[in-house]
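Notes for the one structure printed next.
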Amino acid sequence: MSAGHSLLRSWYEELLQRTYRPRLVPVRELRASDTIEHQWLSTGENPEFRIEPPLPQGWVRLRLKGRASPPALVTCYIERGGDRTETVVLKLGSLNPAGSVLDRFASFRGARSARLDPSLGPGYVTIEDFTLQRVGALRVILHAAASYLNDDRRPNVWRLMRRVLAVVHDSGFSGLRRKIVSRVVNGRGSASPYDTWLEQDQLDKEARTTLRAAIDAAEYRPTFSLIAVVQNPPVWQLTNLLDSLTVQLYPRWELCVAFDNSTPEDTRAVLERYAAEDARIRITPSASERPSAAALNVALGIVTGEFIANIDEDAELSPDALLQCALALNERRGADLIYSDEDGIDDTGTRSAPYFKPDWSPETLLGDMYMGRLCLYRRSVVEDLKGFREEMSDGAEYDLALRVSESTDRIYHIPRVLYHRRIKRDIVGGGACASSEHHEAAVDALRQAIARRGLRGTVEAHERFRGHHIVRLAADPRQKVSIVIPTRDRADLLERCLSTVFNLTTHPNFEVCVVDNGSQEEATSELFRRFHRLWPEQFRVIRRDVPFNFSALVNAGVAETDGALVLFLNNDTEVLDGAWLEEMAGYAQRAEIGAVGCVLLYPNRTVQHGGVVLMAGAVAGHSHAGQPTNEPGYFGRLLAQSNYAAVTAACMMVRRELFIGAGGFDEALAVAYNDVDFCLRLLQRGYRNVCLGQVRLVHHESMSRGSDDAADRRARSTAESRLMRERWASVLDGDPYYSPNLRSVPPDFSPAASTRQWPAPSGPAVLRDRHFQLDALPAETTPRWFGSSSPRLLIAGHSHRIAFIDYFNRSGHAAPIAILDQKAPVPLMDDGSAFASEESYWAVALAAARTRRLPLAIVWGGNWHNAHFLFESDERFSIFPASGPWEDGRPRPLIPRSLIRKAFAPGVAALRAVLEKSAGADVILLGTPPPKADDQVRVGIEGEPVIAEWAARLGMTAATLRITPLSVRRELWKMTQELLGAMCREYAVPFIDVPERVFSGGALSAALSAPDVTHANGLWAEVMIKEAHEALAAA
Amino acid sequence: MTTKHPYQGIPRYARWKQGVNEGVDRRELIAGLRFHGLRDDDRVFSAGSCFASNMVPYLEKAGIAYIRTEPRPQAFSRFKDGLGYDNFSARFGNIYTSRQFLQLLLRCTARWAPMEDRWRTPAGLVDPFRPGLTYLTSSDEEFDALTLSHLSATRVAIETATVVVFTLGLTEAWHATDGAVFPVCPGTVAGEFDSNKHHFMNLSTAQVTEDLLGCQGLISELNPKARFVLTVSPVPLTATATGKHVVVASLESKAVLRAAVAGAQAARNEIEYFPAYELLMGWQTPPGSWDPDMRTVTRAGLDYVMSVLLAGEHPPTNQRTNANRSGTERLSQLIAKAECDEAAYDNFAADSSG
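Listed below in structure tokens is the structure:
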């Protein structure tokens, strides 16, 4: 087709379709981006375009294609003339960062002027296309009817007619018209992703029933005290708020409303009416001139609930809001602060701009008060902190959140939209804009928080997005940073990297160690020589000519250097700002921080990495990839410090001790995900990872790693993904810093098609804990087996393994067993020689059994009968079939065995996690020693000073403490053996019963006893090993 | 001095105008009922409807010993209910009718045994007379041992009491073919209803009086020194099987129970009555004594009743060996902590099965 023909055709189409592409003229609060086409920066709350005339007349289809960060609600205002001017408000829908197409019909009859407000607040909006298309009324009605009456958007005439008939049958023709008109005017024609999300989050009758049943079954029902400071809201907004409270599914709340002299009479009348009708609503006057913090304290003084929450006078709560909070508190009884997601609601009740928040993110809180609302504080905690600080004025709530987070870490997030914030808007413009006072108050609150925490640093409001704050922590310059740069040739890239590092960096104390992986070009050697001449003290090269393995190169670099901090840097990066190293060190030096990363940019200045997000069902991806760098990211996440599950090793800083302690990078992950794997190990050890939005480097992202062919690469990448899934599946599926309500693949912060983590949208929220499962654990690097060098049996387990150690020692180290020891949890900053957790211990034990093809004998628990029942209180009891005669001649009430079983269950149940993972390993479980006779127990007690001390407190001595009768203890012990045996049968694991010959007088024979209350000695171990070998031989 | 007629010289509280309109002295409400109060050295046994269990915390707070022969072992303090340890002197659970209490006493003294004494369910054997217990066994031998242990504990409780309090709750009951009365209709809390085996009865005034006299006889046989105090629960029925409106059925049943108590008192001088029913259902009952559902006595209502029950001086005594109660399990755990490394796995689960 010739160009001319094509042009003609497009002109013809345009004529036929009567499509206009009107020019958008910025009127106010809009600045065109100088780098990105079609992109505008909204600088205030009321950005406005004029839609350049001529305007079409009649019915018009408006289509707008674009994106916005943060998500923005687009509104069109049409002024219709005649004798009386009339303004029609048309909500086009929300633009989100991933891009949206908004599509609406409107009547432009008599339109004299029109304007387009692309956003309701500061941020970036990109409008790629905006068209007005004249259409016939019939088409509008058909389209609207179809969109209303059809489930999908493709009109199906037959279904349409059936639906029409159904609607007419139910509500007559007027009903049909009403529905269609409402669809045209309210336009659900082009559902935004959030609309779609909302559809599957409906609180229908069934959901309400489920929720009610859940709360009826809950044992804890706290009272919530909500505090609202009411000044002068439109009365209907206030009644909406009050109504949204009175219809709460959860009844235990009170609302305390503080008002002041500026509150108008009719508003007060509404309050008084509601207070008269519902005793839970109380109103109290606040004398203060500056209402906020002071009024909050007045309200705080009269509330009685266990938790308090501040709510806005014009907001609304979802009907299940307080119920979800109550359910969450049943899951986390100790919670001191819980917060929920929120969205915006406008005057038509339309919801948009959802904020799906991360789980508790202390560093993110330093950037802004991201917890927002609904935010429930435990009242006793707030009272201990003496409430809101009035001198903080508008920053009082942020200040409180910061102080609370310093006094507790029991802070949880409910990933549900429970709060609808009023989108402030009036047609004339001039909506509320956060005052500069407000920003100052927030900066002040942060400065004091930094000081209180004993940190040194600066706080600065972001220059364009004033509500976000950059916190720079002062780095200790005495700590050297060792920068490790793996490289292979491409001297041009490396030169740019090295020269910007050396020439710009302000941190005084760093060294660079280039790990050369097989460079061959002369230019590279020349580059090395030059930098060595220039920076002889700070620059060196080590050579590792091995097949490319990023992890191995990094590990080698760390081993060759000695800085307290290490920084991994790709050879194709470029430093932009000299403060980078200091800023990263400021965070990396903090005890609770693990890895620190930064924002990386493509050469075209779009984002390459803004923190790593774990992807459910996959592995991980870079957040904000492809976004223009001047955009703020999802609710400001690109602007300042934010917690992420991981950061890229293209630029990552970490303390050396942590790197070593966590075992370094895993060389099994040669190319991909070694950084994610490492960061997850840090998370698992209780550290938080941070990405600094204020630190930015360019990443030229070239592949300078050799010549392996594409098929090879693909295979390796698949293998590495698989390995990651095997290790970390449950962690990858639940990134604590990326809401399950957001789309996971790709992680672009747009609403998920469905809520991922909580399958029933109505069901009670499940609060995630930073709790990792056994399957998420990589094997430790340095297990400590001791014993025979060619064992026939591996032994691992809890404290009863000491009998086996005794056996090994007694036999002159000739016993053919190996024992995995050193399992006690160790301090986190360990040297890598011990196990960080019970889980990692078992992971190593099972791995050893598999690789060495030896049977693993597990010694599991077995002290439950002692741990709860060794000593007897006044409530004597027995269990069937133990029967007297008892020493005091009185009968002992029997306790059902099922109750004891339940009491022992958790200790046994934990074994399940190990057996679940035992596939491929030859595992047996050993019975544990029976209880000891009373005199043996007393000997043991005397060896435990702590018991004597406690007994003294109870007015007793070790000799007079009443020991549960042996016959009862023996029955209790038998139950432990039954439970272990039953678990083994479930997994077809042999259980080695304790043989009769170890008993003497119904107790563990004294000859087999260790000199304490609980354990047996090496002779016992010998018996059990013999039994085990016999059982294995028989099998 | 001669009296013109019997109403001359009656106490002020015997006249409505003085006794009610001019202000009720709540302590006078027990006059003429032979209730001798509770003393600090009393050891109280109680059984009856759920209202009866309400008094236990008040007694213990007042320092009056409440007998428990099947106490909750410390190790289960974190378990919620389904255990039945905390409400009554032994684990017999709610006893709503005089007939069931009589039968319990007969079983304790080995004079009678019910035929339908266990229900076989997939979860285990259910005791039809204690259907609320949720920790079941599936072994007949253990079931027999548990039942025997319970009956013997109940007997010891009565033998060691100085005061036996029984609160009458209902007249309507379901019984087995041998007359064994169940606390609740089979099939509601546990078991299965079988219209061939399970029959309805509504005890008459005369039957209740007979039962109470029988109970009194058995109690004094077990413990000649024990006082026998009756009360009537003011709590209405949850439902009636008589076909009448539940309000009418409740009032009728309370009237029968109250009249039966009067009959028992007329027959035996030593039977005492404490007017919990009148305190909460009388014209003088303080407003706010009932929840809006009109079935639940509020805290204020209980305070009011208990202030009369415990009208004497009861200096708060030191709570019984509290240190010891929480101490021994702690000690047991310390041993484990000192010697073992698996303590982290060994926390009892808080029971959530309700």
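Note that the protein sequences, when read in sequence, are chains A and B.
Take 1 as the starting number for the first sequence in the numbering used here and just add one per residue.
Take 1 as the starting number for the second sequence in the numbering used here and just add one per residue.
C-beta atoms are modelled at their ideal positions from N, C-alpha and C, and glycine is treated no differently.
Query raised in the report: When the Cα of A/His-609 is compared with those of A/Trp-973, A/Asn-46, A/Leu-385 and A/Arg-696, which residue comes out closest?
Result: Looking up residue 609 of chain A in the first sequence gives position 609. Residue A/Arg-696 is the option with its Cα nearest to A/His-609.
Query raised in the report: At a Cβ threshold of 7 Å, is B/Tyr-345 touching chain A?
Result: By 1-based counting over the second sequence, the position of residue 345 of chain B is 345. Since pLDDT at B/Tyr-345 reaches only 40, below the 50 mark, its modelled position is unreliable, and no value is offered.
**Report entry** Sufficient close CB pairs (3 or more, under 8 Å) joining the segment 138-146 of chain B to the segment 877-892 of chain A
**Finding:** Remark: three or more beta-carbon pairs, one from each stretch, lie closer than 8 Å, so the segment 138-146 of chain B and the segment 877-892 of chain A are flagged as touching.
Query - Simplified DSSP state of B/Pro-57, which is helix, strand or coil - result: Here residue 57 of chain B refers to the residue found at position 57 when the second sequence is read from its first residue. Three-state DSSP puts B/Pro-57 in a helix.
Query raised in the report: According to DSSP, is A/Ser-100 helix, strand or coil?
Result: Looking up residue 100 of chain A in the first sequence gives position 100. DSSP, read as helix, strand or coil, puts A/Ser-100 in strand.
Query - Three-state class that DSSP yields for B/Ala-14 in the structure shown - result: Your numbering for residue 14 of chain B matches position 14 in the second sequence. Helix.
Query raised in the report: Are any of the Cβ atoms in chain A nearer than 7 Å to that of B/Glu-159?
Result: Residue mapping note: residue 159 of chain B aligns to position 159 of the second sequence, counting from 1. Not one chain A Cβ lies under 7 Å of B/Glu-159.
Query raised in the report: Going by other Cβ atoms of all chains shown within 10 Å of its Cβ, with 16 needed for buried, is A/Gly-301 buried or exposed?
Result: Along the first sequence, read from residue 1 onward, the residue named residue 301 of chain A stands at position 301. The residue is exposed, with fewer than 16 neighbouring Cβ atoms inside 10 Å.
Query - Sufficient close CB pairs (3 or more, under 8 Å) joining the segment 905-924 of chain A to the segment 101-118 of chain B - result: Contact fails: fewer than three Cβ-Cβ distances are below 8 Å.
**Report entry** Cα-Cα separation, A/Ala-765 to A/Ala-218
**Finding:** For the purposes of this step, residue 765 of chain A is identified with residue 765 of the first sequence, where counting begins at 1. For the purposes of this step, residue 218 of chain A is identified with residue 218 of the first sequence, where counting begins at 1. Because the pLDDT at A/Ala-765 is just 36, under 50, the model does not fix this residue reliably, and the value given afterwards should be weighed accordingly. Each residue's Cα considered, the two are about 13 Å apart.
Query raised in the report: From A/Ala-555 to A/Ala-815, what distance separates their C-alpha atoms?
Result: Here the question's residue 555 of chain A lines up with position 555 in the first sequence. Here the question's residue 815 of chain A lines up with position 815 in the first sequence. The identity of residue 555 of chain A in the sequence shown is Asn, whereas the question assumes Ala. If I take the Cα positions, the gap works out to 38 Å.
Query raised in the report: Beta-carbon of B/Glu-60 versus every beta-carbon of chain A: anything under 7 Å?
Result: Counting from 1 along the second sequence, the entry for residue 60 of chain B is found at position 60. False, the Cβ-Cβ gap to chain A never drops below 7 Å.
Query raised in the report: Out of B/Asp-40, B/Phe-228, B/Ala-262 and B/Val-189, which has the shortest C-alpha to C-alpha gap to B/Thr-134?
Result: Start at 1 with the first residue of the second sequence, and residue 134 of chain B comes out as number 134. From the listed residues B/Asp-40, B/Phe-228, B/Ala-262 and B/Val-189, the smallest Cα separation to B/Thr-134 is found for B/Val-189.
**Report entry** Cα-Cα separation between A/His-865 and B/Ala-145, rounded to whole angstroms
**Finding:** Numbered from its first residue, the first sequence carries residue 865 of chain A at position 865. Numbered from its first residue, the second sequence carries residue 145 of chain B at position 145. A/His-865 and B/Ala-145: Cα-Cα distance of roughly 22 Å.
Requested in this report: Figure out for me which residue from A/Arg-464, A/Leu-376 and A/Val-443 has the closest Cα to the Cα of A/Thr-43.
Outcome: As a first step, residue 43 of chain A is located in the first sequence; it is residue number 43 there, counting from the start. Closest option to A/Thr-43, Cα to Cα, is A/Arg-464.
Query raised in the report: Looking at C-beta atoms only, is the number of pairs between the segment 215-232 of chain B and the segment 183-203 of chain B that lie closer than 8 Å three or more?
Result: As far as the Cβ criterion goes, the segment 215-232 of chain B does not touch the segment 183-203 of chain B, which means the pair count is below three.
Query raised in the report: In whole angstroms, what separates the C-alpha of A/Leu-322 from that of A/Asp-934?
Result: Numbered from 1 along the first sequence, position 322 holds the residue referred to as residue 322 of chain A. Numbered from 1 along the first sequence, position 934 holds the residue referred to as residue 934 of chain A. One C-alpha to the other measures close to 54 Å.
Query raised in the report: Any Cβ of chain B within less than 7 Å of the Cβ of A/Ala-765?
Result: Locating residue 765 of chain A in the first sequence gives position 765, counting from the first residue. Here A/Ala-765 scores only 36 on pLDDT, less than 50, and its place in the model is too uncertain to base an answer on.
**Report entry** Contact set between the segment 848-868 of chain A and chain B, restricted to residues whose Cβ is under 7 Å from the partner
**Finding:** For the segment 848-868 of chain A, the set of residues with a beta-carbon nearer than 7 Å to any beta-carbon of chain B comprises Gly-861, Asn-863, Trp-864, Asn-866, Ala-867 and His-868, in chain order.
Report task. Indicate whether A/Tyr-339 and A/Met-371 have their beta-carbon atoms separated by less than 7 Å. Result -> Indexing the first sequence from 1 puts residue 339 of chain A at position 339. Indexing the first sequence from 1 puts residue 371 of chain A at position 371. Yes.
Report task. In the DSSP assignment, find the unbroken alpha helix (DSSP H) run with A/Thr-246 in it and report its ends. Result -> The sequence position of residue 246 of chain A within the first sequence is 246, counting from 1. Unbroken alpha helix (DSSP H) run through A/Thr-246: 235-246.
Query - Cβ shell of B/Arg-27 (< 7 Å), same chain only, five flanking positions each side left out - result: Within the second sequence, the letter at position 27 stands for residue 27 of chain B. Around B/Arg-27: Val-308 and Ala-311.
Query - Residue-level contact to chain A via CB, B/Ala-311, 7 Å cutoff - result: Start at 1 with the first residue of the second sequence, and residue 311 of chain B comes out as number 311. No, no contact with chain A.
Query raised in the report: Of all the residues that make up the segment 63-75 of chain B, which are near chain A by a beta-carbon distance shorter than 9 Å?
Result: Across the segment 63-75 of chain B, CB contacts with chain A closer than 9 Å involve Arg-68, Thr-69, Glu-70, Pro-71, Arg-72, Pro-73, Gln-74 and Ala-75, in sequence order along the chain.
Requested in this report: Have a look at B/Ala-260, B/Tyr-304, B/Arg-295 and B/Gln-284 and flag the residue whose alpha-carbon is nearest the alpha-carbon of B/Gly-19.
Outcome: Translated into positions along the second sequence, residue 19 of chain B becomes position 19. For B/Gly-19, the nearest C-alpha among the options comes from B/Gln-284.
Query raised in the report: Within 10 angstroms of its Cβ, does A/His-868 collect 16 or more other Cβ (buried), or is it exposed?
Result: What you label residue 868 of chain A is simply residue 868 of the first sequence in a count that begins at 1. Flag for A/His-868 reads buried.
Query raised in the report: Can you name the residues that DSSP bridges to A/Lys-65?
Result: Walking along the first sequence from the start, residue 65 of chain A turns up at place 65. For A/Lys-65, the beta-bridge partners assigned by DSSP are A/Val-101 and A/Asp-129.
Report task. Determine the extent of the alpha helix (DSSP H) in which A/Lys-974 is found, giving its start and end residues. Result -> By one-based count along the first sequence, residue 974 of chain A stands at place 974. DSSP places A/Lys-974 inside the alpha helix (DSSP H), whose first and last residues are 966-986.
Query raised in the report: Distance, Cα to Cα, B/Ile-271 vs B/Ser-98?
Result: As a working mapping, residue 271 of chain B is identified with position 271 in the second sequence. As a working mapping, residue 98 of chain B is identified with position 98 in the second sequence. Across the structure, B/Ile-271 and B/Ser-98 are spaced so that their CA atoms are roughly 14 Å apart.
Requested in this report: Determine, using beta carbons only, whether B/Thr-137 comes closer than 7 Å to chain A.
Outcome: To locate residue 137 of chain B, count along the second sequence from 1; it is residue 137. Closer than 7 Å to some Cβ of chain A, the Cβ of B/Thr-137 qualifies, so yes.
Requested in this report: Take A/Gly-93 as the anchor and find which of A/Asp-195, A/Gly-862, A/Pro-122 and A/Met-369 has the nearest alpha-carbon.
Outcome: Within the first sequence, numbered from 1, the residue matching residue 93 of chain A stands at position 93. A check of alpha carbon separations from A/Gly-93 across A/Asp-195, A/Gly-862, A/Pro-122 and A/Met-369 identifies A/Asp-195 as the nearest.
Query raised in the report: Are the C-beta atoms of B/Ala-390 and some chain A residue less than 7 Å apart?
Result: Nothing about residue 390 of chain B can be reported from this structure: the residues present for chain B run from 1 to 354 only.
Report task. Would you please verify whether the beta carbon of B/Ala-153 is less than 7 Å from any beta carbon of chain A? Result -> By one-based count along the second sequence, residue 153 of chain B stands at place 153. Closer than 7 Å to some Cβ of chain A, the Cβ of B/Ala-153 qualifies, so yes.
Query raised in the report: At a Cβ threshold of 7 Å, is A/Trp-950 touching chain B?
Result: As a position in the first sequence, residue 950 of chain A is number 950, starting the count at 1. Yes, its Cβ sits closer than 7 Å to a Cβ of chain B.
Query raised in the report: Are the Cβ atoms of A/Asp-489 and A/Arg-410 separated by less than 7 Å?
Result: Counted from its first residue, the first sequence places residue 489 of chain A at position 489. Counted from its first residue, the first sequence places residue 410 of chain A at position 410. Judged by beta-carbon spacing, A/Arg-410 lies beyond the 7 Å limit of A/Asp-489, meaning their Cβ atoms are not closer than that value.
Query - Interface residues of chain A facing B/Leu-106 [CB-CB closer than 8 Å] - result: Taking the first residue of the second sequence as position 1, residue 106 of chain B is located at position 106. Those do not exist, as B/Leu-106 stays about 19 Å from chain A at its closest Cβ, beyond 8 Å.
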